[in-house]
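See structure below.
Residue numbers (my numbering), protein chains in the order written: chain A, 1 to 329; chain B, 1001 to 1273; chain C, 2001 to 2257.
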């Protein structure tokens, strides 16, 4: 991703890394200061901006109530058990000005795939909370990210912003109701009340072959502008990228460091320490023994990162910093 | 005095227009935002942010972007890449220039894409493209250190742009804003014995660099970043002062990454200057 | 759905403004320090940033011009910017037109002849949209170019104007743009020269002149606002470059010599 280095520069940096002396004096496992702000896109249901060094990522999450029949294949039971989402990561040309513009779509698409992978992780998105009317209506999340500028370690910053945006997300409270049609012959539903609105949690037994009443629907609860936070937001996994330079690994790479360390492993770690995802980047191969050695330590750092981010997000001072998207501090 | 694009500065009858201005309807009008400068009858505007405008005699640090027949193209943070002609570099005695002229592969033995070098701007061949030469032994390929890039406006013209800081670090302040920070190499070591050791001059191999020197290089790099963020012009004097201050405060290189520490440093050091 | 009322009985617009009142305007320079110049601009809820790179060596030498710099515009609209989530598609007609309009606006204003064979790249990000896309894009670009130290003949100041019956209105929101005939004007305030007139709707020629004049006046006011932000920033920079010495007295800003 970075501009080319000379052989001398590359060698200076790698030798330094192997001696645990980095270009800016950090230790191998030090992160640069991370700045987070939430509520930066007022028109979204949740949003956040994360900055580390010159890397700057903006994420907005919106909720749309969709008809499940429109988005789910009728008989695909697997899909029914999944939360609905669409996502994208765009790398703006100003993020990587030295790269020709035609390589940007590749980078954007790689990151979009990774984001999609993250959002599909089991139990990441709370299906139960996102379902409005079971089998009928659900909240579909759109998670869209924009890489505004690049200063190394895009993936970790991207997911820090995604987590923060999901933390900021408020799911509107809804109330379900069921319309009974005049000629409902369903005895199981009780006497037809013809055209009246009945409030009922509308789960109907498909398997028993009963006919659904028409237009099961929902409405937003009055007076609740806030909505509720996403369930399980403290448990959202963090992303921690390991830059591998045998026999060491290091975190939070600068652009020049990334240029001389093409081999990377991306880990998704829950605050509990559970490793829930792993993704390899780069062309070189990794020996399992190498990886095993670093995983334990890496996961520990992932946990620390998760705790630090959660603490930061809980601090009421950073919530809703407003929509000033100018100089960010 | 400040001005901005479109502002009338003065009458064109009395003054001549310089850089950053143009003439319209008998008036000298600013085309940039910045400070108005008047030297005798010449009025110009100096912008507070700009890419590098080369001048003959400038010392620059550049990066090779392309190898062409008989010349290299060099990124010097200007509006066009500069040219380094084969005839402008030192070549070992036995090497035949004619053989190299048409052989780009051979040329890569000296400079290839990505290489960093220090050079001087020589008279250009018109059309505004800068021409460089590395004919002095002070110039040539750079190794044993790292690069940091700042805005060219922060580098003031001095008698020399090669400095050695008391902490044992060599500094090359390119007029174009590219700064090279490296392990100190003594003068006599650089000159070499008689004859021209091409292998040494064009080598990509670094010397052994001890941890203390590496830490010093990181410290200097971080200090430069802080000054650049605060738009403080860079000189070896102010960097030496800042370095002393950092050592006195017992700050490790990474302590300098914190914003408050940086702000503090600038306040203290510029007050001393 | 209630019918949108551009102007109510009290002659106020749907957001409470008077017809010629501009939305709250704010701007900031150097929002992206890694670019040569950058700026962020907001008109009410519309928020746009612009980053400038150059003049610099062209990436594609075949497209350069031997006697001047090439101006390239790239536009990025965030998926969440509008009412409906929309993913940017390359070659989207509206974005392409927008980019072409911005390019046509600035090409005669930037002194491109000073930088032959080089390239100036301008990247515009639309972060939030509530009408006035072209207006905000042009104003953000002006400020980013000033921030980059690229010489121009003047600020380019842009404003949209619309017509409801016989009342002209300035700085339209999305609702107003969808409902009323409108025009976007870009002007060089000092000389009054116009560098862009963009219309997508039909308007009677008699009405046009009035709207146009009002948009120009508004453009001059806007230039004043933009210049305030620029001067403030220049003052701060100049002070810092003095070596940070305590020079707190304001520098003179008169233009008479």
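Built from N, CA and C at the ideal position, the CB exists for glycine as well.
Just so we're clear, the structure is a prediction, and the values are computed from it rather than from any experiment.
(1) So for residue 2212 (chain C), helix, strand or coil by DSSP?
(2) Expressed to the nearest angstrom, what Euclidean distance is found between the alpha-carbon atoms of residue 115 (chain A) and residue 2039 (chain C)?
(3) Along the segment 1246-1260 of chain B, what residues have a CB closer than 9 Å to any CB found in chain A?
(4) Looking at residue 1111 (chain B) and residue 1117 (chain B), is the spacing between their C-beta atoms short of 8 Å?
(5) Mind checking whether residue 2152 (chain C) and residue 2162 (chain C) have CB atoms under 8 Å apart?
(6) Please confirm whether residue 2085 (chain C) has its beta-carbon closer than 8 Å to some beta-carbon of chain A.
(7) Please go through the same chain and pick out, in chain order, the residues whose beta-carbon is closer than 6 Å to the beta-carbon of residue 1041 (chain B), but skip the five residues on each side of it.
(8) Quick check on this structure: which residue in C:2241, C:2147, C:2076, C:2044 has the alpha carbon closest to the alpha carbon of residue 2022 (chain C)?
(9) When you compare the CB of residue 210 (chain A) with every CB in chain C, is at least one pair closer than 8 Å?
(10) Using the three-state DSSP reduction, which class does residue 2064 (chain C) fall into: helix, strand or coil?
(11) Between residue 41 (chain A) and chain C, is there a C-beta pair that is closer than 8 Å?
(12) Are the C-beta atoms of residue 1113 (chain B) and some chain A residue less than 8 Å apart?
(13) Alpha carbon to alpha carbon, how far is residue 1024 (chain B) from residue 2033 (chain C)?
(14) For residue 47 (chain A), count neighbouring Cβ atoms within 10 angstroms of its own Cβ and tell me buried if that reaches 16, exposed if not.
(15) Using a Cβ-Cβ distance cut-off of 8 Å, determine whether residue 26 (chain A) contacts chain B.
(16) Which residue comes first and which comes last in the beta strand (DSSP E) that contains residue 301 (chain A)?
(17) Measuring CA to CA, which of B:1131, B:1199, B:1266, B:1270 is closest to residue 1108 (chain B)?
(18) Going by beta-carbon coordinates alone, are residue 2072 (chain C) and residue 2121 (chain C) separated by less than 8 Å?
(19) Using the beta-carbon of each residue, which ones in chain C are nearer than 7 Å to residue 1237 (chain B)?
(20) Taking DSSP as the reference, what is the three-state secondary structure of residue 2258 (chain C)?
(21) Output yes if chain B places a C-beta closer than 8 Å to the C-beta of residue 32 (chain A); else output no.
(22) Secondary structure at residue 1072 (chain B), three-state DSSP: helix, strand or coil?
(23) Using a Cβ-Cβ cut-off of 6 Å (strictly less than) and excluding sequence neighbours within five positions of residue 279 (chain A), which residues of its own chain qualify?
(24) At a CB-CB cut-off below 8 Å, which residues of chain A make contact with residue 1146 (chain B)?
(25) To the nearest whole angstrom, what separates the beta carbons of residue 62 (chain A) and residue 127 (chain A), a pair I think is in contact under 8 Å?
(26) Locate the beta strand (DSSP E) running through residue 250 (chain A), then write down its first and last residues.
(27) Looking at chain A, is there any beta carbon in it that lies within less than 8 Å of the beta carbon of residue 1263 (chain B)?
(28) Is there a Cβ from chain B that is less than 8 Å from the Cβ of residue 2118 (chain C)?
(29) Whole angstroms are fine: how far does the CA of residue 56 (chain A) sit from the CA of residue 165 (chain A)?
(30) Please list the residues of the segment 2110-2137 of chain C that have a C-beta atom closer than 8 Å to any C-beta atom in chain A, keeping them in chain order.
(31) For chain A, is any of its Cβ atoms less than 8 Å away from the one on residue 1221 (chain B)?
(32) In chain A, which residues lie with their C-beta within 7 Å of the C-beta of residue 2055 (chain C)?
(33) Can residue 175 (chain A) and residue 226 (chain A) be called in contact, C-beta distance under 8 Å?
(34) When you compare the segment 10-26 of chain A with the segment 1208-1224 of chain B, are there three or more beta-carbon pairs, one atom per stretch, that lie closer than 8 Å?
(35) For residue 56 (chain A), name the three-state secondary structure that DSSP assigns.
(36) Can you name, in chain order, every residue of its own chain whose Cβ lies under 8 Å from the Cβ of residue 1057 (chain B), other than the five neighbours on each side?
With the structure as the only source:
(1) helix
(2) When the Cα atoms are used, residue 115 (chain A) and residue 2039 (chain C) turn out to be separated by approximately 29 Å.
(3) If the cut-off is 9 Å between Cβ atoms, the segment 1246-1260 of chain B has 1252, 1253, 1254, 1255, 1256, 1257, 1258, 1259 near chain A.
(4) yes
(5) no
(6) yes
(7) 1015, 1016
(8) C:2044
(9) Residue confidence for residue 210 (chain A) is low, a pLDDT of 46 falling below 50, so the modelled location carries little weight and cannot support an answer.
(10) coil
(11) yes
(12) yes
(13) 33 Å
(14) buried
(15) yes
(16) No beta strand (DSSP E) holds residue 301 (chain A); the alpha helix (DSSP H) holding it covers 288-314.
(17) Distances from the alpha-carbon of residue 1108 (chain B) to those of B:1131, B:1199, B:1266, B:1270 put B:1199 closest.
(18) yes
(19) Simply none; closest approach about 11 Å.
(20) Because residue 2258 (chain C) is not part of the residues shown, which for chain C are 2001 to 2257, the question remains open.
(21) yes
(22) Note: residue 1072 (chain B) maps to strand in three-state DSSP.
(23) 266
(24) 9, 12, 13, 23, 256
(25) Going by Cβ atoms, the distance from residue 62 (chain A) to residue 127 (chain A) rounds to 18 Å, so no, they are not a contact pair.
(26) 248-250
(27) no
(28) yes
(29) 14 Å
(30) 2121, 2123, 2125, 2127, 2128
(31) Yes, residue 1221 (chain B) counts as interfacial toward chain A.
(32) Per Cβ cutoff of 7 Å: no residues; residue 2055 (chain C) is ~13 Å from chain A at best.
(33) no
(34) A contact exists between the segment 10-26 of chain A and the segment 1208-1224 of chain B.
(35) strand
(36) 1120, 1121
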